[in-house]
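*Asks:* Before anything else, here's the structure in question.
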Amino acid sequence: MRLFKCVILGHTQAGKSSLLRTYINKTFCGNLDATTNELYTIQIQAPNGYMADLQLWDTSGLVTNDYISRLYFPNTDVFLICYSAADGAAIVLVATKTDLRDDVAHLKKWNLKAINYEAGQQLAAEIKALKYLECSALEEVGVSAVFDAVEAACVKNCMSSNSMDYENEEKHGENEKLEGVNKCSIM
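Heads up, the sequence shown is in this note's numbering, so the first residue is 578 and it goes up one at a time.
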């Protein structure tokens with residue numbers, strides 16, 4: 578039987594587990610404890626009529642550990658990226674490893690299909706990303722632009738959430754905690 582793998586990613590408290598459990602149980606489950614990484618397997622019918630297993634990997638939102646990344650990411654068919662519509666975090670969509678886009682041998686070896694610039698731009702428009710960028714760490718192309726965009730997104734997000742942040746920082750000092758001052762979210 579064919580096995581498909583979907584890894585669900587997103588910031589902590591983005592609603593990943595609620596989404597998944599509502600799909601599995603066909604009803605909303607209410608308040609959930611923090612997820613510690615869970616795996617669900619369901620059967621689906623493939624277009625050719627055959628049955629297949631679909632693994633749904635629910636992550637904790639803290640998938641920064643190399644061990645966990647190595648466990649989750651290999652052989653993934655679909656990444657489902659979730660964010661909370663109530664969070665207000667800016668989205669910057671980044672295509673990495675652009676140096677491999679034209680590496681036919683690599684693509685063939687791993688049975689991959691390259692995504693072109695136009696498709697990336699279209700996705701960014703569809704998800705209303707603040708910006709779409711491409712980079713190659715190997716070739717050191719576009720890397721600084723990614724983090725310039727992150728900085729700009731943070732400033733824009735903070736400025737729109739509380740225009741007094743910078744004035745308060747100047748008056749009270751950078752390290753003093755201010756009540757009512759919103760934080761920037763980076764995903």
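Beta carbons are placed, not taken as given, at the ideal position from N, Cα and C, and that holds for glycine.
Source: prediction; values computed, not measured.
Exposed or buried, V681, counting other C-beta atoms within 10 Å across all chains shown (16 or more means buried)?
*Replies:* The residue in question, V681, is exposed, as its Cβ has fewer than 16 Cβ neighbours within 10 Å.
*Asks:* How many angstroms separate the CA atom of A722 from the CA atom of K593?
*Replies:* Roughly 30 Å separates the two Cα atoms.
*Asks:* Any contact between the segment 693-702 and the segment 618-631? By contact I mean 3 or more CB pairs, one from each, below 8 Å.
*Replies:* No, the segment 693-702 does not touch the segment 618-631.
*Asks:* Taking just the CA atoms, how far does D630 sit from I768?
*Replies:* What is shown of the chain runs 578 to 764, which leaves residue 768 out entirely.
*Asks:* Answer with buried or exposed for Y600, where buried requires no fewer than 16 other C-beta atoms within 10 angstroms of its C-beta.
*Replies:* Y600 should be labelled exposed.
*Asks:* My guess is that K582 and N652 are in contact by the Cβ rule of under 8 Å, so how many angstroms apart are they, rounded?
*Replies:* With a Cβ gap of about 6 Å, K582 and N652 count as contacting.
*Asks:* Please list, in chain order, all residues of the same chain as A701 whose beta carbon is under 6 Å from its beta carbon, the five residues on each side excluded.
*Replies:* Around A701: L670, Y709.
*Asks:* Count the other C-beta atoms from every protein chain shown that fall within 10 angstroms of the C-beta of L580, then say buried if there are 16 or more, exposed otherwise.
*Replies:* Looking at its Cβ environment, which holds fewer than 16 other Cβ atoms inside 10 Å, L580 is exposed.
*Asks:* Which of the three DSSP states is assigned to Q632 in this structure?
*Replies:* Strand at Q632.
*Asks:* Quick one: what's T618 bridged to in DSSP?
*Replies:* Note: T618 sits in a beta bridge opposite Q632.
*Asks:* Would you give the residue range spanned by the beta strand (DSSP E) that K582 belongs to?
*Replies:* Element bounds for K582: 579-587.
*Asks:* Check L684 in the structure and name its three-state DSSP category.
*Replies:* Three-state DSSP puts L684 in a helix.
*Asks:* Between A691, A667, K674, which lies nearest to A729 when the distance is taken from Cα to Cα?
*Replies:* That would be A667, whose Cα lies nearest to the Cα of A729.
*Asks:* Do you know how far the Cα of A663 is from the Cα of F605?
*Replies:* So the alpha carbons of these two residues sit roughly 18 Å apart.
*Asks:* What's the C-alpha gap between I585 and E703?
*Replies:* So the two alpha carbons sit approximately 19 Å from each other.
*Asks:* Bridge partners for S713 per DSSP, in chain order?
*Replies:* According to DSSP, which records beta bridges pairwise, S713 is partnered with V718.
*Asks:* Pull up the distance between the alpha-carbon of G587 and that of K686, whole angstroms please.
*Replies:* Each residue's Cα considered, the two are about 29 Å apart.
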